[in-house]
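Engineer: Protein chains in written order, with full-length UniProt numbering: chain A, 1 to 267; chain B, 1 to 414.
For each residue, glycine too, the CB sits at the ideal point set by N, CA and C.
Keep in mind the model is a prediction, meaning the values are calculated, not measured.
Here it is: the structure, laid out below.
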Amino acid sequence: MIYEVKTKEDAPGALFVGVSLPGFPEIMANGGTEMLSSLYGPYVNADKGSNDLSLKLTWASLPAVPAEREKIATLVANIKVNLLAAPMMKAIQGLEATPPKLGSPIQIPYRTDGYMWVLTAPDVLTVGFSVSFKDPQDQPLARIFLNEFVASQHDTKLAGAPRANVFFTRPGELAGLDYRAEGIMAYVFFAFNKQRHLAGATREKTLSMVQTFRNYFQYHLKCAKAYMHNRMRSVYQSSVESLNRARPETVMKAGTRGVSGKLLKKK
Amino acid sequence: MAGKTPIVIDAGTGYTKLGYAGNLDPAHIIPTVVATRDTSKETTLRRQPGLEDLDFYVGDEVNAHKTTHLPMFPIRHGQVEDWDLMERFYEQALFKYLRCEPEEHLFMMSEPPLNTPENRELLAEVMFETFNVKGMYIANQAVLALAASSASNEHAPRELTGTVIDSGDGVTRVIPVSDGCVIPGSIKSIPLAGREITRFIQEFQREREPGVVPPEDAMEVAKNIKENQCYICRDLVREYQRYDAQPDQYFMKYQGQQNITKRPYTLEVGYERFLAPELYFNPEIFSTEYSTPLPDVVDATILSCPIDTRRSLYRNIVLSGGSTLFRNFSRRLQDAVREKVDARVHRNEELTHAKVTPIEVNVLAHPLQKFAVWSGGSILANQEQFVRMCHTKEQYDEVGPSLCRHNLTFTSAC
Ligand SMILES: Nc1ncnc2c1ncn2[C@@H]1O[C@H](COP(=O)(O)OP(=O)(O)OP(=O)(O)O)[C@@H](O)[C@H]1O
Ligand SMILES: [Mg+2]
């Protein structure tokens, strides 16, 4: 995701916010267009330059009330969240329609090495992510993590949380889809219940939280690594200390040379 | 430019500056502090099993968790002292503040002058092994500050030669740089900087109007006064006279509000407006151990450098760091250094009866001064050549941490 925020000489009083992200065409095809026109309609700039999308805010078009302006700033800042949520919104609309319309799986290559999938089943929205790690040392750690992640769901404290499923092989749901499977070590699917997670005010929260999954996962993994490094360092430190203690003390004999190179005299 | 924008990190004693290359200002400025669970209170608190590795706070969040977590400062006097804490600090800095994917970015890290190669290795270990960064370059803070000055000021010379005065929170350093290389033997440091100035103002307030400022805010109030109302005067005695003659013109008021009760209070701000920054020119007011004023240190530093660099070092004296922002700082320093140099030249002429070409002395203030180190990093990391100068993850896997002991030098800022 790359932002480009700039002003132009030939357009005084205007601020341009350019946005580029992988998977943009797919998002547009799956609800992105509708989302843009309903939320960002007046700000979309036709001349998008080298970006996927450009927003143009002119001083004159902004409301005078500071609180309203703030709202627009937040709206613009949330462009990424809203873009990625657009396919999910579309799927939810399908679920809520009477009779429910269940679309085919949507695939968004939202990163160069990662995919997001949006699937629907009656009353359930499933959002899936691919997990891949380049570093060979990270892979086993990630595997342990994911297993823990599944196991922790049996905890009663987390009863209200959405179900998460982890697959280490290609799951059946993605059968008909075409994507690069090499490098993907796991698939994580979150299942959201229509009533419990997608109704009213919780919906927005759910949709933006699920997007932070990847970041959080990476963060937690790095923290765990750092924690292990800490432990290793302190173990190393204490073994060095005990080794030093175990070393027999060398007694300075008369006639040997001291630190400064002088001969030590016998007292 | 190919690939993602490099990330620039300047970790300082007081604040760490984080951001993406190409910008003029850092995206985040967070206090360099990490709070971990205070183990002495362990028995009274219920521990959450399994999450010890996430149980810490950094930066501004620390204040809210003072009761359960112990704040600790990983950097002392510019040097990283505790790498365990620093590693944790970077975790949050990268994932919570910058929200980046370290594997995809190049990193420009700053290091203090006279950093040890071992410290570079440790930094490399943290960055490459914990975060798997794509590539990293370690640059000296002084060189970055020079780059910022040279890029933002059309009067400054293009090549990276000059004397950097870096005064942040912990120490003030005078660092001569020649063609992008620091002259290590000549670096001089003064153990007084921003923190001492704040403490001085705090004490001044306490003595004059005891009990007005709530003790928990005293530090914050002093800092605000320092940053907004202090300046450097031409002449101490004259300034005192001026204040006494027209007190209502020079004495200022500071309006504060207590945090909890919201009770407003008013403070008088007087002599400390010009006395506090006097730290640099009359350090004996502040410290009994250290009494050499900054202009003398600058002069001595340059005189200890190789003779062929001295003229260009005098010509380009560059300010960097938050504590050099006082009004008139550059003018007073320039006058003082010039006076010393001229006196010496004059005496030389008297003794030898030969004509000496006058020595040009320039102290440059520049618009990027406050975050000079970071901005310089941002400028250099945005250059085409930066990609080539980085040590990459592949090289690291091949060679190990010793790879980062040496880094190539930039020779020009543009
Ligand atoms: N406008 C200002 N006037 C005076 N002092 C200021 C101003 N703004 C910031 N400071 C002071 O500058 C200091 C922070 O500077 P800086 O961020 O350069 O230090 P640092 O890099 O954290 O420390 P160091 O370089 O010593 O490791 C603080 O003490 C702060 O109070
Ligand atoms: Mg600094």
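#1: Are the CB atoms of alanine 139 of chain B and leucine 160 of chain B within a distance shorter than 8 Å?
#2: Could you give the C-beta distance for methionine 127 of chain B and cysteine 390 of chain B, rounded to a whole number, given that I count them as a contact under 8 Å?
#3: Using a C-beta to C-beta distance shorter than 7 Å, which residues of chain A count as neighbours of threonine 130 of chain B?
#4: For proline 358 of chain B, collect the residues of the same chain with a Cβ closer than 7 Å to its Cβ; drop the 5 residues on either side in sequence, then sort them by chain order.
#5: Please indicate yes or no: does the CB of glutamine 141 of chain B lie closer than 7 Å to some heavy atom of ligand 2?
#6: So which residues on chain B does residue 345 of chain A lean against when the C-beta distance must stay under 9 Å?
#7: My output table needs one value for lysine 194 of chain A: the three-state DSSP class, helix, strand or coil.
#8: Measure the C-alpha to C-alpha separation of glycine 23 of chain A and glycine 128 of chain A and round it to an integer number of angstroms.
#9: So which residues on chain A does arginine 88 of chain B lean against when the C-beta distance must stay under 9 Å?
#10: For the alpha helix (DSSP H) that isoleucine 197 of chain B lies in, which residues bound it at each end?
#11: Quick one: residues in its chain with C-beta nearer than 6 Å to the C-beta of histidine 77 of chain B, no 5 flanking neighbours on either side, listed in chain order?
#12: Are there 16 or more other CB atoms within 10 angstroms of the CB of residue 270 of chain A, so buried, or fewer, so exposed?
#13: Name the DSSP beta bridge partners of glutamine 257 of chain B, please?
#14: Counting contacts by CB-CB distance shorter than 8 Å, is arginine 99 of chain B in contact with chain A?
#15: Tell me whether the beta-carbon of serine 208 of chain A lies closer than 8 Å to the beta-carbon of alanine 85 of chain A.
#16: Which residues of chain B have a Cβ atom closer than 9 Å to the Cβ of arginine 233 of chain A, listed in chain order?
#17: Between which residues of its own chain and leucine 35 of chain A is the CB-CB distance below 7 Å, once the five residues before and five after are set aside?
#18: For lysine 222 of chain A, collect the residues of the same chain with a Cβ closer than 8 Å to its Cβ; drop the 5 residues on either side in sequence, then sort them by chain order.
#19: Say the cut is 7 Å; is the CB of aspartate 10 of chain B nearer than that to a heavy atom of ligand 2?
#20: Could you check the C-alpha separation between asparagine 215 of chain A and glutamate 101 of chain B for me, to the nearest Å?
#21: How close, in whole Å, do the beta carbons of valine 177 of chain B and serine 320 of chain B come, if the pair is a contact with beta carbons under 8 Å?
#22: With a 10 Å radius around its C-beta and 16 neighbouring C-beta atoms as the bar for buried, classify glycine 49 of chain A as buried or exposed.
#23: List the whole-angstrom C-beta distance separating histidine 197 of chain A from proline 162 of chain A, where the pair is believed to meet the contact cut-off of C-beta under 8 Å.
#24: Output the boundary residues of the beta strand (DSSP E) element that contains serine 312 of chain B.
#25: Closer than 8 Å, CB to CB, is methionine 138 of chain A near chain B or not?
#26: Output needed for phenylalanine 286 of chain B: all residues of its chain with C-beta closer than 7 Å, excluding positions within five of it in sequence on either side, in chain order.
#27: CA-CA distance, proline 26 of chain B and phenylalanine 371 of chain B?
#28: Secondary structure at glutamine 48 of chain B, three-state DSSP: helix, strand or coil?
Structural biologist: On the basis of the coordinates in this document:
#1: no
#2: 11 Å between Cβ atoms; not a contact.
#3: Lys222, Lys225, Ala226, His229
#4: Val345
#5: yes
#6: With chain A represented from 1 up to 267, any question about residue 345 of chain A goes unanswered, as that position is not in the structure.
#7: helix
#8: 15 Å
#9: Cys223, Ala226, Tyr227, Asn230
#10: 194-208
#11: Gly170, Val171
#12: Given that chain A is displayed from residue 1 to residue 267, the structure contains no residue 270 of chain A and the question cannot be resolved.
#13: B:Pro264
#14: yes
#15: yes
#16: Trp83, Asp84
#17: The question names leucine, but residue 35 of chain A is methionine in the sequence shown. The answer, listed in chain order, is Asn82, Ala86, Met89.
#18: none
#19: yes
#20: 8 Å
#21: That belief does not hold up - the Cβ atoms of valine 177 of chain B and serine 320 of chain B are roughly 11 Å apart, past 8 Å.
#22: exposed
#23: 6 Å
#24: Not the beta strand (DSSP E): serine 312 of chain B falls in the alpha helix (DSSP H), residues 310-315.
#25: Note on residue identity: the sequence assigns aspartate, not methionine, to residue 138 of chain A. It does; some Cβ of chain B falls within 8 Å.
#26: Leu192, Glu196, Phe200, Leu279
#27: 8 Å
#28: Because glutamine 48 of chain B carries a pLDDT of 49, less than 50, the predicted location of this residue cannot be relied on, and the following value inherits that uncertainty. If DSSP states are grouped into helix, strand and coil, glutamine 48 of chain B belongs with coil.
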